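First residue of the sequence shown? That's 1 in my numbering, and the numbers climb one at a time after it. Idealized CB from N, CA, C, for every residue including glycine. A quick note: this is a predicted structure, and the numbers were derived from the prediction, not measured. Right, one structure below, let's go through it.
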Amino acid sequence: MPDQSSRLLLPYLQSGQAQKHVTVNESLLRLDALVQLSVVSATIAAQPASPADGDLYILPAGKTGTNWAAMANGALAYYRDGAWEQVTPNEGFLAYVKDTDQILAYSGSAWLNLAAGLRASATDKILGRVSSGAGAIEEITFSDSAQALCDDASFQDMCATLGTWRVLARGGAGWSVTGALTETTLASVTVPAGAMGPNGVLRVTSLWKYTNSANAKTMKVQLASVNFVNVSPTTNNSLQVITTIWNRNAQNSQVGPGSSAGADGSMGTETINPITGAVDTSAAQTLSFKATLANTGETITLESYLVELAYGA
Numbered sequence: 001m002p003d004q005s006s007r008l009l010l011p012y013l014q015s016g017q018a019q020k021h022v023t024v025n026e027s028l029l030r031l032d033a034l035v036q037l038s039v040v041s042a043t044i045a046a047q048p049a050s051p052a053d054g055d056l057y058i059l060p061a062g063k064t065g066t067n068w069a070a071m072a073n074g075a076l077a078y079y080r081d082g083a084w085e086q087v088t089p090n091e092g093f094l095a096y097v098k099d100t101d102q103i104l105a106y107s108g109s110a111w112l113n114l115a116a117g118l119r120a121s122a123t124d125k126i127l128g129r130v131s132s133g134a135g136a137i138e139e140i141t142f143s144d145s146a147q148a149l150c151d152d153a154s155f156q157d158m159c160a161t162l163g164t165w166r167v168l169a170r171g172g173a174g175w176s177v178t179g180a181l182t183e184t185t186l187a188s189v190t191v192p193a194g195a196m197g198p199n200g201v202l203r204v205t206s207l208w209k210y211t212n213s214a215n216a217k218t219m220k221v222q223l224a225s226v227n228f229v230n231v232s233p234t235t236n237n238s239l240q241v242i243t244t245i246w247n248r249n250a251q252n253s254q255v256g257p258g259s260s261a262g263a264d265g266s267m268g269t270e271t272i273n274p275i276t277g278a279v280d281t282s283a284a285q286t287l288s289f290k291a292t293l294a295n296t297g298e299t300i301t302l303e304s305y306l307v308e309l310a311y312g313a
């Protein structure tokens, strides 16, 4: 029969042994060191001059000191009762390292960072975020768009990443022009590069208020320099315009419903052909709401707008 346990090397009591308490205490001390294993450091190489009773170290290569120099690399140096003892780790030992807040695992020949060594399979690593000071956890390899989806903070952001329908922009502050006859941009929205895709669509709703007079007040919705709304109402007080801009089989080819100069912006038939454009939406483009007065004493106000976008591959 062996005289110690196979894993923790705890000494056994022998039949008829005198001073049994010595052997029992030896086992308790060994358990005290190895159960919930916690070491002061795994990188300190110089044997401490004044260790505390119970201190435990993982010995690195290049260790020095009267006792440590004779011990094996990777061994546990255990200080108790005024003396150093070498404890040989077994494969599978886990140790919390106090000075680095890391958990190390013993492979049978070396102590390895547990986080860096964890695997879901032979090639996959656990999911984490790599940033300064975050340790050795690594990210699963993602495409740029998949990584962006994981980083999104809201459902709306995820819609933007996935390219599905979403509200691109909205506003209701009431932007006005008066006293000037030059064309004035009242609001603008950036359509992100590639957000429409080759068959995507923008739906633009705008609500306008203007002076009721015989003078033509001009209101436009432009994508880049193409007018997809260009209306000039006279003797009314307000106008809601809804227009749709489609990319058709290419990111630089658009079509939208026609809007004649005298149209009131309502849905229905037109006497003119659909509007076409060649705006390159693979690059970021500006959608603008513009107004022009015919009389400086009058006013045009963009009361609100809503821009919706649906991606189309």
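DSSP three-state call for Thr-190: helix, strand or coil? Three-state DSSP puts Thr-190 in a strand.
I think Ala-187 touches Leu-302, with their Cβ atoms under 8 Å apart; what is that distance to the nearest whole Å? Leu-302 and Ala-187 do touch by the CB rule: their CB atoms are close to 6 Å apart, below 8 Å.
Checking the sheet assignment: what are the DSSP bridge partners for Gly-171? In DSSP, Gly-171 forms a bridge with Tyr-305.
Can you give me the C-alpha to C-alpha distance between Val-189 and Thr-243, rounded to a whole angstrom? Spanning the two alpha carbons is a distance of roughly 15 Å.
Leu-112 versus Gly-92 - alpha carbon distance: Computed Cα separation, rounded: 10 Å.
Taking contact to mean 3 or more Cβ pairs, one atom from each stretch, closer than 8 Å, check whether the segment 287-295 and the segment 215-222 are in contact. Cβ pair count under 8 Å is three or more, so yes.
Report yes or no: do the segment 51-69 and the segment 79-87 share at least 3 C-beta pairs separated by less than 8 Å? The segment 51-69 vs the segment 79-87: in contact.
Gln-147: first and last residue of the uninterrupted alpha helix (DSSP H) it sits in: Run containing Gln-147: 144-151, per the alpha helix (DSSP H) assignment.
Secondary structure of Met-158, DSSP reduced to three states: Helix, per DSSP.
I want to know whether the segment 36-52 touches the segment 93-107 - three or more CB-CB distances under 8 Å. These segments touch.
To the nearest angstrom, how far is the alpha carbon of Ala-294 from that of Asn-212? The alpha-carbon atoms of Ala-294 and Asn-212 are separated by roughly 12 Å.
Which value, in whole angstroms, describes the spacing of the CA atoms of Arg-170 and Leu-104? So the two alpha carbons sit approximately 53 Å from each other.
DSSP state of Trp-68 mapped onto helix, strand, coil: Correct three-state label for Trp-68: helix.
Could you check where the beta strand (DSSP E) with Ile-275 kicks off and where it finishes? Counting along the chain, the beta strand (DSSP E) containing Ile-275 begins and ends at 275-277.
I need the straight-line Cα distance from Thr-88 to Pro-51, nearest angstrom please. So the alpha carbons of these two residues sit roughly 20 Å apart.
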